[in-house]
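Peer 1:
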Amino acid sequence: MPGVPLSWYLILSAVLFSLGVAGFLLRRNVITVFMSIELMLNGVNLSFIAFSYQWKQVNGHIFSFFVMVVAAAEAAVGLAIILTVFKNRSTLNIDEVSSLKD
Amino acid sequence: MDVILFLIFAAIAVVCGLNVVIQSHPISSAISLIGVMGALAVLYLLLGAEFLAAAQVIVYAGAVMVLFVFVIMLLNAGAEIRHGRSLIAQVLGIPLLFTFLGLMLYFVQHMLPGTPDVHFGGFKHGTALDVGRALFTQYLLPFEVVSVLILIAILGAVVLAQKEME
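Protein chains in written order, with my numbering: chain A, 1 to 102; chain B, 1 to 166.
1. Taking the beta carbon of THR32(A) as the centre, do at least 16 other beta carbons fall within 10 Å, making it buried, or is it exposed?
2. Buried or exposed: ASN29(A), going by 16 or more other Cβ atoms within 10 Å of its Cβ?
3. I want to see whether chain A comes within less than 8 Å of THR99(B), judged by CB atoms only; does it?
4. Under a three-way DSSP split, which group does VAL118(B) fall into?
5. To the nearest angstrom, report how far apart LEU75(B) and ALA161(B) are at their CA atoms.
6. Under 8 Å: do the stretch 95-102 of chain A and the stretch 9-25 of chain B share three or more Cβ pairs, one atom per stretch?
7. Which residues mark the beginning and the end of the alpha helix (DSSP H) in which PHE123(B) is found?
8. Step through the CB atoms of chain B and report whether any lies within less than 8 Å of the CB of SER64(A).
9. Distance, Cα to Cα, ASP117(B) vs LEU5(B)?
10. Can you say whether ALA60(B) is buried or exposed, counting buried as having 16 or more other CB atoms within 10 angstroms of its CB?
11. Rounded to a whole number of angstroms, what is the C-alpha to C-alpha distance between LEU92(A) and LEU79(A)?
12. Mark TYR139(B) as exposed unless 16 or more other C-beta atoms lie within 10 angstroms of its C-beta, in which case mark it buried.
13. Which of the three DSSP states, helix, strand or coil, is assigned to ASN93(A)?
14. Can you find a C-beta in chain B that's less than 8 Å from the C-beta of SER18(A)?
15. Along chain B, in chain order, which residues have C-beta atoms closer than 8 Å to that of ILE37(A)?
16. From ALA151(B) to PHE66(A), what distance separates their C-alpha atoms?
17. Please check if any C-beta of chain B sits within less than 8 Å of the C-beta of ARG89(A).
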């Protein structure tokens, strides 16, 4: 019974990461930009677990677990920041929240 | 069987991932992202990571995405308005992205020429027992530090949301 080559998992991980980068750069809604970051983190998690399988060690699972914890913390704080920005600016468009640039 | 399962769920993950980027309404993106996370949980199971598959469904697809959907509904976010972006982004954006993806695929293919095949059940040390043992012996200090990080995140979220209420 043929198995799946490990590189397929890494390719899938690279594709998901690239999709996350595309969403991060192309989208203009701050919530969607934030979701693209989560997509990138998920892609990286998959490669951690694939490498963990290759080396038959549990360490990759631990790193992936910590990434998940940090992503949850980041989502809580980031969405609170989005709420505050929306309260002050009444917009979710990141092009209109660029006063630091001007 | 392994290949079929991998291809099905990899296809689901990629299609939902594309949908996250393409959809113009944030709620459609959020639902697609839940699809990506569910498909990834199945792939984690195929790689022998039972504990992380469960954590993926509970923490990511459950808690984090509920938070996202809740905020989208709270802010009543509509479809985003797309207007002119810079010429450089229009001309170079997609080619640069494909260059980036191509470089990553090149490195994957050339740095890992002879990786072993993945068989379901080939790695049996991803259970809650093994992950917990590693977490509470070798990685005890990071675990405690991350608990402080979570505490700080909770306090930060409460402070920011309180400011929002006033």
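Backbone N, C-alpha and C fix where the C-beta goes; we use that ideal spot for every residue, glycine too.
Peer 2: In terms of the structure at hand:
1. By the 10 Å Cβ count, THR32(A) comes out buried.
2. Buried is the call here.
3. False, the Cβ-Cβ gap to chain A never drops below 8 Å.
4. Of the three classes helix, strand and coil, the one that applies to VAL118(B) here is strand, per DSSP.
5. So the alpha carbons of these two residues sit roughly 13 Å apart.
6. With a cut-off of 8 Å, the stretch 9-25 of chain B and the stretch 95-102 of chain A do not count as touching, because too few Cβ pairs lie within range.
7. PHE123(B) -> no alpha helix (DSSP H), and no H or E assigned at all.
8. Chain B contact via Cβ: present.
9. ASP117(B) and LEU5(B): Cα-Cα distance of roughly 14 Å.
10. What sits at residue 60(B) in the sequence shown is Tyr, not Ala. Flag for TYR60(B) reads buried.
11. In this model, LEU92(A) and LEU79(A) are separated by some 12 Å (Cα to Cα).
12. It is buried - the Cβ of TYR139(B) has at least 16 other Cβ atoms within 10 Å.
13. It is a strand residue.
14. At least one chain B Cβ lies under 8 Å of SER18(A).
15. The premise fails here: ILE37(A) is roughly 11 Å from chain B at the closest Cβ pair, so nothing lies under 8 Å.
16. Checking the sequence, you will find Leu at residue 151(B) rather than Ala. LEU151(B) and PHE66(A): Cα-Cα distance of roughly 15 Å.
17. No, because no Cβ of chain B sits closer than 8 Å to the Cβ of ARG89(A).
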